[in-house]
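Residue numbers (this note's numbering): 26 to 322.
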């Protein structure tokens with residue numbers, strides 16, 4: 026019995042010594058199924074210090090400059106967002122820019138055409154000479170000491186623009202003496218000239234549908250109102266155009282601010298660096314994934 030126990034102990038010592046001699050060349054994977062239940066004949070050695078790279082994929086892109094993004098969008102709305110890889114927002118800002126320029130241009134063109142139309146209409150149907158005759162006829166005799174010489178030369182019956190026979194200085198002085206008048210007729214060709222002849226009833230007697238001998242100027246003909254509506258159309262078109270110009274300016278500013286934030290968020294995004302490496306095991310080379318997670322503040 027004693028001899029049998031001694032033989033068993035001796036055999037254990039021999040086995041332990043043999044395993045110890047091979048310990049330096051044994052690679053342990055950390056996988057219990059592989060390390061404890063694998064086939065010893067396929068143990069791989071010599072891989073402890075070197076793990077070859079099979080394939081690597083990385084999502085770590087270079088950082089975006091927020092200030093550069095803002096400058097780009099300040100020049101061209103949406104450009105900074107596209108630079109920061111926010112393509113949807115970039116497209117929206119760029120679309121607003123293009124649409125606003127188109128609408129502003131269309132309504133500015135409509136305003137120009139309408140302006141040309143009402144000026145031609147006024148030149149054809151309104152005469153400051155006719156208006157001056159009416160003022161002089163109805164109020165000149167009521168104002169003591171007024172100089173009734175309103176003309177540099179006698180006007181013709183078909184007097185046309187620029188009505189250079191009329192003394193605008195004397196006409197305005199006469200208008201200033203009439204207590205019921207609130208305005209003075211601007212010089213022909215000025216923007217206010219075309220505006221006031223369709224705005225204030227005081228000037229209505231210059232239209233060719235008016236009775237030059239009627240003293241009442243508070244009930245003008247339909248022509249006066251028609252012209253006023255057409256003049257206001259041009260003004261409305263210009264206001265719409267100006268509104269979209271304001272939209273363009275705001276779009277540049279908002280896009281620049283958003284591009285700065287978008288680039289900053291891009292830099293603060295979570296990036297994952299994934300690499301596939303060949304891991305040696307007793308079953309051979311097995312591909313394994315390594316992930317490196319970084320977060321930039």
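Glycine included, each C-beta is placed from N, C-alpha and C at the ideal position.
For residue 198, the enclosing alpha helix (DSSP H) starts and ends at 193-202. Residue environment analysis places residue 293 among the exposed positions, since fewer than 16 neighbouring C-beta atoms fall within 10 angstroms of its C-beta. For residue 159, the number of other beta carbons within 10 angstroms of its own is at least 16, and it is reported as buried.
About 19 Å separates the CB atoms of residue 118 and residue 130; that is not less than 8 Å, and the two are not in contact.
Taking C-beta separations shorter than 6 Å and ignoring five residues to either side along the sequence, the partners of residue 273 in its chain run 125, following chain order. Around the beta carbon of residue 194, fewer than 16 other beta carbons sit within 10 angstroms, so the residue counts as exposed.
Each residue's CA atom was taken as its position, placing residue 269 and residue 219 some 26 Å apart.
Leaving aside the five residues that flank residue 148 on each side, the residues in its chain whose CB is nearer than 7 Å to its CB run, in chain order, 186. Counting only runs of 3+ residues, no beta strand (DSSP E) is found wholly inside the stretch 210-262. In this structure, DSSP gives residue 140 a helical state, which the three-state scheme calls helix. Closest option to residue 242, judged by alpha-carbon separation, among 164, 304 and 183: 164. For the 8 Å CB-CB criterion, residue 145 and residue 263 do not form a contact. Here residue 138 is exposed: its Cβ has fewer than 16 other Cβ atoms, across all protein chains shown, within 10 Å.
Taking 8 Å as the cut-off, the Cβ atoms of residue 91 and residue 271 do not count as close. Taking C-beta atoms as the reference points, residue 107 and residue 115 count as a pair closer than 8 Å. For residue 179, the closest of 226, 157, 198 and 199 by C-alpha to C-alpha distance is 157. Under the three-state reduction of DSSP output, residue 287 falls in the helix class.
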